[in-house]
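Chains G and X supply the protein sequences, listed in that same order. Residues in the first sequence are numbered consecutively from 1, following the working numbering. Residues in the second sequence are numbered consecutively from 10001, following the working numbering. Only one structure is covered here, and it is reproduced in the block below.
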Amino acid sequence: MKRILFALGALLCMPAVQAQDIALKGKELFGDMRARHIGPALMSGRIIDMEAHPTDPRIIYAGTAGGGVWKSSDGAATFSPIFDEHAQSIGSVAVDPKNPDQVIWVGTGEIWTRNSVSVGDGLYKSTDGGTNWDKIGFEKSERIASIVINPENTDIVYVGVLGALWSDSDERGVYKTTNGGKTWDKILYVDQTTGAADVIMDPENPNVLYASMWEFRRSGWGFSSGGANSALYKSTDAGATWNKIHNGFPAGDLGRIAVAVAPSDNSILYAVLETEDKSKNGLWKSTDAGANWEHLNNDFGLTVRPFYFSRITIDPRNPDVVVKGGLSGSISRDGGKTFKSLGNMHSDIHDVIFHINDSDIMYSGTDGGVYRSWNGGTTFEIVENLPLSQFYQISVDDAEPYNVYGGLQDNGSWWGPNSSPGGVNARDWNSVGAGDGFRVLKHPTKNIIYSEMQGAENVWRYDVDKNRTRTVQPRPKKGDPDLRFNWNAPMAVSAHQPDRFYMGSQFVHKSEDMGDTWEIISPDLTTNDPAKQDQSQSGGLSIDNSGAENHTTIFTIAESPLNEKVLWVGTDDGNVQVTRDGGKNWENVTPNLVGIPANTWVYHIEASVHGEGTAYAVFDGHTTGDMNAYALKTTDYGKTWTNIISDDVVGFVRNIQEDYESENLLFLGTEFGLYVTIDGGKNWSQFTNNMPPVAVHFIDMQKQTNDLVMGTHGRGVIIIDDISPLRELSQEVLNKDVHFFASEPTIMVEESGFSGSFGGETQFVGQNSPTSARIVYYLKKRHTFGKMTMEVQDMDGNVISTLGPGKSKGINVVYWNYTSAQPKVAEAKTLSFGGFTSPRVPAGKYKVVLTKKNDVYESVIELKYDPNSLTTLDERKQQEEMTKTLYDMVEDMAYVVYTMNETMDYAESVMESNPKAKKTAQKLHDALTALMKDMVVTTGDNYVASAEPELREKMTELYSNVATNFDGVSASDLASFELINTEYQEALGRLTAIMDKEGKKFNSFLAKNDLPEVTLKSKEEFLGN
Amino acid sequence: MKILKTLSILLVMALAVPAQAQTVDEILNNYFENTGGADAWNNLESLEMTAMANAQGMEIPVTMIQTKEGKMMLKINFQGQEIVQQAYDGETLWSTNFMTQQPEKADAETTANMKLQTEDFPSPFLNYKEKGFTVELLGEEVKEGTDCYKIKLTQKPRMVDGKEVPNVSFYYFEKENFVPIMSEVEIPSGPMAGQMSVSTMSDYQEVDGLYFPFDMGMGGQAIMIKDIKLNPDLDDSMFVFPGDADGEEDKD
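Here you go:
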C-alpha cells in the first residue's frame, strides 16, 4: 500500500508535461485566413503570349507579364487562372499538338524586356490540362521565349531560353528534349550575353528550325539591344547544326529579331530586324525559306521598340496577311508591302493570334489585357474579367469602407473602394492620373488626392469634390541643378502636418502647402555617379530614352510616425540617409548596413511606430542580377542594423510592412508573393491562401480594420482581412488544443441600397470584405473524427444560431451574419418567400460555444448597432419587438395549420376505414377546408400562376418587411399589423367554433367507437422539429 | 449536383494505421480495410442521409438517397414542401421546377453524366479498377493545415457543352488516418467554369460499422448530416419521373 501511495505521489509531483515547441512557421499558421482579390480588371495588365488550342476553338490561353496563365474555355468570353501556385511572370505558353487537352507547357519569365519586368523560375509542364504543374527545369533561365513541339512526335520539344536580363548567364540558348522533358541538350549557344529570342518550326518539316539570337543587357540605368552576336539561324537537321541566314541583311550589328514562317506556305518567312542602318530596320521577307531576304517596310509600326514588340503573326490560311505587334499593332494584307494600324484598343500590342478556323476572329494581347476582334482586326473589344493590373504602389485612406489608391504600369492612377454593394465592380474605380501611374496618396484630412506620372513629369493634386486638378511637381529654381526624378518618383505625406507633402529627386523636396511652394531640404543624397546618368544613349541600336532608366535618384521617403523631424531616405543607388532635425542635417548611414552589396537599390524604408529610431529597410539587387532577399532593421537611427531575413524567403524583396501593434509581426512583399513572420524575422512563412506567388510591390495596413492591403504587379489589389489574430500567435497559443482569438465588437452594418449586377456575367467583380461577425479560433490539430459543432447562444444559453465551424489545423475563421433562424412557416400549396427571412439579433454579447467531442469551449463576441444608423434606439426596440411579435405569430400559425392538416388527414383516414364516420368527419373536414382556404394559399404555383395571397402570405410579407428594415415601425406597418392580427384572431375564433361544434361531434363519434382522437405534437415539439 | 457529389463520397476510418503507406493502393486499402472492410462496403446496397444545409440562418433540410444500382434522389424541404432537386431511376434524371412545382426532365448531357456518376456508389475508389477508373498518387500536400496524400482520380470522360472532357478529381487523404478530408474538381461550365470546386469533409462517425463524414463544407456552405440509414426500405417508384402530376400541362 505504501508503495502504491508513494508511486502515486511521485506521479503527482512530476512536473507538468513540457509543452512541445511548435515551429512558428508553415502554411498551417494561417489556417483558413484567405486573401481576397478586388482587381481592378477594367484596365487589366500586360499580356506576353497568346496561345490557341489547335483543334478546339473555345480554348484560348493568355500568358501574362505578372499574373500567371489564364485559360478561356468559352472562346475568350471569360478567362480563369490556371497557374496560381507558380511564378506569375510568363514568357511562353505552348499546347501539345497531339494531346492538346492534356499537355500544356509554360515557360516563365516575361520576354518583352522593359525596365519593370518580373522574373521567371523555369519551365513547367502540365499533363492534365493545366490543373497540376511539374517544374521541368531551367530554374536559372529567368526568361523563356519559345517552346516548340514537334507535331509528329510530341516528346520532341525545343525551348528557346532568352535568359537573364541584368547579368551574364550561360543558361541561354536553344535546348532540345526527345523524351518529353526528362533530359535536355543545349543545341545552340552563342555566349553569356546572347539569348534565344524566337525559335520556330517549319509547319511542314519538323526538322527545319529557325532561331533568332539576341545580344542584350539591361542595368538599373540603361539598356542595350544589339551586338555582333545577334543573328538569325536555321537548322535543317532538327537542331544538330545551325547556319546563319543573313543573305540580304545589312552588315554590322543586329538587335532583336522577330521571325515567323507562314503556316500555309513554308517557303515564306517574315522577319523584323533592328540594325545599325535605320533605313534597313523593320520588315524583311524571304520567299525561299530563308535563303534570301528582301527589305519591305520600315514604317514606325514595324520598327518601334524592338525589345518590346518583336512578334509577327501570319494568318494561318493566307501568307499575305501579316500582323506585327507594336504601339498600336500593324496589319498587312499585301504580303508585307504596306501596313495599317490595328483597330483601337489599349496600346502596346505584344502578341496577336488568329482563330483556328476563322481569320475574321483575332485575339490580341496588350499592355491592358486581352482584346477580341470579330472583323479582321478593325474593331476590338476588351476581355473584362482579367484582373491583371500591375501596381507599383498602393495606399489606403480611413474612409468607411476604406479606399485603395494606386498607380499602374501603363494604365494611369486609380482609386476605388475595398468593398462595394454587389462586390467591387469596374464602375467603382475612379481615374486620377494618366500615363504610367505610381504613387497615389490621399491628403490626410482633405478630400484631395496626389498622383503622378513617370519621372514626376506631372504630379497632380486633385480636388475630388470640385473635380479640379493642379500640377504641383517640384521644378528647379535659379541656381538649382537639373532634377533627377526616378521613373517611379517618391512622394510622401506627413502624418503630423496634413498639408505637408514630400517628393524626392536627388534632393528631398518639402512643401507645407500641398505642393504650391517647394523647398529643397537636403543635399544630393545619392552617389551622384555620372556613369549612371546618361540615359540619352540608352537602348543600344534603337535609342530608348523613355525616362524609365533614370538613376542615382531618391526612391523612398519615410517620415517617422512618432517624430516629424525624423525622415528616412533610400536611393536607387544604395544610400540610406536619415535626418533627425527635419532636414537640417543628414547622416549617410549606408556604411552601417550589414550584408548588403554596395549600391543595392533601397526599395523601401518603413519608419516604425514602435520607436522613433526604429526603421526597416529592404534592398533589391535584381537590376544587377542579384536575386537575394535583403531586409534590415535598426532601432538606433541607423547606427546599427540587424538582418531580419531567413532562408525561408525566396526571391528579392520590394516592400515591408510592420504591424502597428505587435513589433514581431511583419509582412514582406517579394517577387514571389507575400511572406509573414510572427517572430520578428527569425522565421518567415509564405502566405498562399488564395494568394499566388505574384510580385508584391507595395503593402499597406489599414489601421481601423487591420486589413493588409497589397499592390501586386500583375494581380491587382489583394487584401487579407483583419490580420489581428496573427498578433496573438505565440508558443503558448500554439500549444493549446483550441484557442479563441480576441475580437473587437462587430458593428452590425446598416445598408440597404441597391446594386445592379449588369455585366456581371463576363466582368470581374472583386470580393467584398465580409460585414458579418468574425469568430476566429486556432485548432492545434485538424478535426477529422467525431462531432464538432458550433452554436451562437445568448448569454442565458438559448441557441440563436448554428454555424458550420472550420476544422483546419491552424487559424479558422467562421462568419455569423448576426441573424437567428428563420421562422417555421405554415404549410401551403406554394412557398411564402417572406418566410425565408432570418431576423437580426439585437446588439449585445453572445456566447460562441464550440463542442469538440466531449469538450466544450466558449468565447464571447459582441455586436454593436451601426453608429451611422438613421434609427433611434427606441425605434429600434419597437422594430425588434414587432419583428418578434410577427415571428411568433407566423410560427403560431404554422402550428395551427399543422393541427388543422393533421385533423383533416385523420378525419379522412377514419372515413375510409369507417363509413359511419362520414356524417361527422366530413362536416369537420369541410369546415376546416373552408377555413384553411382563407388562411393559406391552396392553389397555383410559385410564379405567374400564383394564387391571391391569403392570411399567411400577408403575415409573412409584413414580417419580412419589418424584420429587414433598419427603421422603426411605421404607421402603415402598424395599421397592416392590426388588420392582419384581427384577421388572424378571427380565424382562430372560427377554428375554436369549428372544434367546439364539428370537432366535438367527431370526437364523440370516435369515443363511441373506441377510436383514439387525433395525435398531435405539442407546439414545442412541432417548432423544435 | 455538388451536394450529390460530396454526399456520395463514403469514407472509412482507419483504426490501425500502418507506419508507412507508399503506394496509392496501400493508401486506399488502408482507407477501406480498417473499417468494417471492403466487404462491408461492397455489401452496402443503399443509403439514406438526412442533413441540414446551413446558409446563415437559413437551414434547409436535405434528404439524399442512393442505391448501388444507380438510383438516386435528392430532395429538400421548404416550408413543409418537398422539392426534388434531383432524382434518377437509372434512365431518366429529373427535378421539380421551382416555379411551376412540376417535374421536368434534365437535358440529355446532364443525364448522361449522371449515368456515369452512378458508379461512384458507395465510393468511386471502391473497386476502381473494375470500374475502369485510374488513380494516381501525386504526392503530399498540406491541406486544412495538415499533411495529406494527394490522389488523382480519373473517371470515364463526361460531356460538357457538347464536347467530351476528361473527368478528373483530386482527393486529399489525411496522412495520419487515411481518410479524405478534401476533394477538388474543376467546375466544367457556367460562370465559375475553370475554377476549382473544393469540398471538405470532417466529423467522421460510425454507422453500423461504417464510417462517414458527418460534416461537409462546400464553398462556405456547411452540410451537417443528421442521420444515415444503411440499406433502408425504399419504394422504387420515388425515383421514377412522375410525368405531369396535376395534369395541367403535358411536359413530354
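All C-beta atoms in this analysis are idealised placements derived from N, C-alpha and C, irrespective of residue type, glycine included.
Interface flag for Asp10235(X) against chain G is unset, since no Cβ pair is found closer than 9 Å. When Cβ pairs closer than 8 Å are counted between the two stretches, the region 10143-10152 of chain X is seen to touch the region 10174-10191 of chain X, the count reaching three or more.
According to the DSSP secondary-structure assignment, Gln10066(X) is paired through a beta bridge with Leu10047(X) and Met10072(X).
Under the 9 Å criterion on CB atoms, Lys10152(X) is classed as interfacial with respect to chain G.
For the pair Met882(G) and Leu991(G), the CB atoms are not nearer than the 9 Å cut-off. Three or more Cβ pairs drawn from the region 59-73 of chain G and the region 84-100 of chain G lie within less than 8 Å of each other, which places the two stretches in contact. Distance from the CA of Ser146(G) to the CA of Asp10089(X), rounded to the nearest whole angstrom, comes to 52 Å. About 5 Å separates the CB atoms of Ala629(G) and Val653(G); that is less than 8 Å, so the two are in contact.
At least one C-beta of chain G is nearer than 9 Å to the C-beta of Asn10054(X). For the pair of segments examined, the region 949-961 of chain G was found not to touch the region 1001-1021 of chain G: the number of CB pairs separated by less than 8 Å stays below three. Looking at the DSSP output, Ser10095(X) sits in a beta bridge with Glu10104(X). At a C-beta separation below 7 Å, Thr802(G) has these neighbours in chain X: Asn10054. Membership of Ser960(G) in the alpha helix (DSSP H) is indicated by the continuous run Leu951 to Thr964.
Within chain G, the residues whose beta carbon sits less than 7 Å from that of Val10179(X) are Thr784, listed in sequence order. With fewer than three CB-CB distances shorter than 8 Å, the region 754-765 of chain G does not count as touching the region 699-709 of chain G. Membership of Met995(G) in any beta strand (DSSP E) is not indicated, and neither H nor E is assigned to it by DSSP. For the pair Pro823(G) and Ser976(G), the Cα-to-Cα distance works out to about 20 Å. A buried status is given to Glu671(G), since no fewer than 16 other beta-carbon atoms sit within 10 Å of its beta-carbon.
Under the three-state reduction of DSSP output, Thr10200(X) falls in the strand class. For Asp10203(X), the nearest CB of chain G lies under 9 Å from its own CB, placing it at the interface with that chain. A buried status is given to Asn403(G), since no fewer than 16 other beta-carbon atoms sit within 10 Å of its beta-carbon. For Phe1022(G), the enclosing alpha helix (DSSP H) stretches over residues Lys1019 to Gly1024.
Look at Ala945(G): its C-beta is under 9 Å from a C-beta on chain X. By the CB criterion at 9 Å, Pro10191(X) and Thr78(G) fall inside the cutoff.
Taking C-alpha positions only, Leu10116(X) is separated from Ala10053(X) by approximately 26 Å. Beta-bridge annotation (DSSP): Trp214(G) is paired with Gly195(G). Asp534(G) is not a Cβ neighbour of Thr552(G), given a cutoff of 9 Å.
Cβ-Cβ distances below 7 Å link Ser10202(X) to Ile10181, Pro10213 and Asp10215 in the same chain, with the five nearest sequence neighbours on each side left out; the list follows chain order. The C-beta of Ser960(G) has 16 or more other C-beta atoms within 10 Å across all chains shown, which makes the residue buried. Here the alpha carbons of Asn10113(X) and Gly834(G) stand approximately 36 Å from one another.
It is roughly 28 Å from the alpha-carbon of Asn205(G) to the alpha-carbon of Ser364(G).
Contact between Gln10066(X) and Ser10095(X) is absent: CB atoms are separated by about 16 Å, not below the 8 Å threshold.
Chain G has no Cβ within less than 9 Å of the Cβ of Gln10155(X).
A distance of 9 Å or more separates the beta carbons of Asn229(G) and Thr178(G). Fewer than three beta-carbon pairs drawn from the region 434-450 of chain G and the region 730-746 of chain G are found closer than 8 Å, and the two stretches are therefore not classed as touching. Residue His246(G) holds the alpha-carbon nearest to the alpha-carbon of Leu273(G) among Asp185(G), His246(G), Leu831(G) and Ala289(G).
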